[in-house]
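Going by the numbering used here, the first residue of the sequence shown is number 3, and it counts up by one from there.
For every residue, glycine included, the Cβ atom is placed at its ideal position computed from N, Cα and C.
Written below as structure tokens is the structure these notes are about.
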Amino acid sequence: MNNLTNSNIPVLDSLRAFAALSVCLFHFVCTTTGYIKTNWILSTFSVGQYGVQLFFVISGFIIPWAMFRGGYKLKDFGRFLLKRLARLEPPYIFSIVLALTLLFLREKFFGKTNDHMNVSVPQVALHLGYLIPFFDRYSWLNEVYWTLAIEFQYYLLIAVTFLPLIRSGPFVRYFIYALVIGLSILFPVKFIFYWLPVFLLGIILFLYKAQFILKTEYYIATGILVIFCLFRYSVPSVIYSVIPLFCVLFAQDMKIVGLHYLGKFSYSLYLIHPLIGASFINVLSHRYTSPGGKIAVILGGIFVTILCSWLTYMLVERPSKKLSSSILYNKSQY
């Protein structure tokens, strides 16, 4: 078993890029209204939406891993949230400003469309606390923001359950596994408990890699979760969820050329692709309608998205990563 003496797991960057590109292609191909009409193409690229679950599994693994290596204790709760907010909020707020700007420009130059969104101050304010799920009258400015709300709820949950998880015995852990499955059945899709079995796949992987649980418990618990997820979600969802498990277990040092670097700014790519890339495709989709033209437009949307994501990373995300890294826990041994 590999231990956690080295903080770097190269394959995770490639996985993040794969997840972000999967979601990106799903939106570009399948949600540009009426642009792509071939059923097999739509079916093929529709599975890209499950890249979200891949992100959830990675978060399930990497967040407690970072907490463990940093010596997290419950008194570090505030510092933990500060680290996460310093890392995630600047790109998120930038994307909100970008979304509002694009909405303004679209209305100014194209007028109100059928999918026009009336934006209010309370709606924008609720974005800052990821609180939209608690208010049915408001919607997200960006269709991917719902996943950030799920992630933030997960941060709050793992911050208070991390120490019990690593200090408890097998009986308590199996009770927790069963509780997670039960809560998933009871809660709707917009809350963390619905998705918690997916995060738990990553959490259990962390427990195994950090040598808090034995191989037998890891494979039994993971097997039960995978079977449950097959019934609770879908087969493509489970496939995307187990990909990071295999990669971390058996190919953690793998670097896929291109994807490894793209993974460095996959968060920016994920945030702005529905804004930049989708807008690019929507504008040009009315002009280029031949099969070759459609391919060129979608590839152009990907190129523009990657370029703008890289700029966002350099100007906004990278400084926020450095700021987050500078916030340390009072490290201790467990």
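| query | result |
| --- | --- |
| Along the chain, where does the alpha helix (DSSP H) containing Arg175 start, and where does it finish? | 172-188 |
| Between Pro238 and the rest of its own chain, which residues show a CB-CB distance below 6 Å, the 5 nearest in sequence each way excluded? | Val49, Tyr52 |
| Less than 8 Å between C-beta atoms, sequence neighbours within five positions excluded: which residues of the same chain meet that for Trp312? | Phe267, Ser270 |
| To the nearest angstrom, how far is the alpha carbon of Met256 from that of Leu27? | 24 Å |
| Whole angstroms are fine: how far does the CA of Thr40 sit from the CA of Leu273? | 27 Å |
| For Leu44, which residues of its own chain have a beta-carbon under 8 Å away from its beta-carbon, when the five flanking residues on both sides are left out? | Val31, Cys32, Ile38 |
| Can you give me the C-alpha to C-alpha distance between Phe282 and Ser16, rounded to a whole angstrom? | 26 Å |
| Suppose you measure from the CA of Pro190 to the CA of Trp197; what does that come to, to the nearest Å? | 9 Å |
| Are the CB atoms of Ile183 and Met69 within a distance shorter than 9 Å? | no |
| How is the alpha helix (DSSP H) around Met316 delimited, first residue to last? | That residue, Met316, is in no alpha helix (DSSP H); it is neither H nor E in DSSP. |
| Could you tell me which whole alpha helix (DSSP H) segments of length 4 or greater appear in the region 206-261? | 217-234, 237-252 |
| Any contact between the region 65-80 and the region 89-103? By contact I mean 3 or more CB pairs, one from each, below 8 Å. | no |
| Going by beta carbon distance, what residues of the same chain come within less than 7 Å of Ala19, once the five residues before and after it are set aside? | Leu261, Leu264, Gly265, Ser268 |
| Short check: CB of Val200 to CB of Val59, under 9 Å? | yes |
| Note down, in chain order, each residue of its chain lying with its Cβ closer than 7 Å to the Cβ of Asn10, except the 5 sequence neighbours on either side. | none |
| Please work out which residues of its chain come closer than 6 Å, Cβ to Cβ, to Ala223, disregarding the five sequence neighbours upstream and downstream, and give them in chain order. | Tyr179, Ile206 |
| Going by DSSP in three states, Trp142 sits in which element: helix, strand or coil? | coil |
| Thinking C-alpha only, which one of Ser322, Leu277, Gln213, Ile134 is nearest Phe154? | Ile134 |
| What do you reckon, are the CB atoms on Tyr94 and Leu150 nearer than 9 Å? | yes |
| At the level of alpha carbons, what is the spacing between Phe79 and Phe106? | 39 Å |
| Can you give me the start and stop residues for the alpha helix (DSSP H) that Gln51 sits inside? | Premise fails: Gln51 is in no alpha helix (DSSP H) and is neither H nor E. |
| Short of 8 Å in beta carbon distance, which residues of its chain neighbour Pro321, apart from the five on each side in sequence? Order them along the chain. | Pro92 |
| Which stretch, first to last residue, makes up the alpha helix (DSSP H) that contains Leu158? | 147-169 |
| Mapping DSSP to helix, strand and coil, what is Phe63? | helix |
| In its own chain, which residues sit with a C-beta less than 6 Å from the C-beta of Thr46, not counting the 5 before and 5 after it? | none |
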